[in-house]
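Trainee: Numbering (the numbering used here), first residue to last: 15 to 140. Heads up, the beta-carbon is just placed ideally off N, CA and C, and yes, glycines get one too. The structure presented is a predicted model; accordingly, all values stated were derived computationally and were not measured.
As structure tokens, then:
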């Protein structure tokens, strides 16, 4: 089920997307250089399952905690959320904070699941 987003939110995301880099799931899977994968979804979303090797840093705290999590502002960082909207906004914010190699994952967790790619899911949920 696709969520209908408010027009103002969509406009803000589109402005951010015009200024950031995005990466597709196919490009990510073919990528052979090191990167940090950050899930910026809410805690309950993370707890229900996440991409393998991802670290969790929710959108509500990413600006506060990114420097402790990824100190190198040149490190490649791939952000993902449910569908690529929140991650686009956060990628833009991280760029404003001086991070120069930040990407938003197109399609996010939803597309990852649609492709039936591996997930880390808590044992009770499998």
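(1) Name the residue from 71, 51, 50 whose alpha carbon lies nearest to the alpha carbon of residue 59.
(2) If I measure Cβ to Cβ from residue 90 and keep anything under 6 angstroms in the same chain, skipping five residues before and after, which residues do I get?
(3) Can you tell me whether residue 100 is buried or exposed, with buried defined as 16 or more other CB within 10 angstroms of its CB?
(4) For residue 93 and residue 132, I'd like the C-alpha separation in whole angstroms.
(5) If you check the beta carbons only, do residue 68 and residue 52 fall under 8 angstroms apart?
Mentor: Quick answer:
(1) 71
(2) Excluding sequence neighbours, residue 90 sits near 49, 115.
(3) Residue 100 comes out buried.
(4) 17 angstroms
(5) yes
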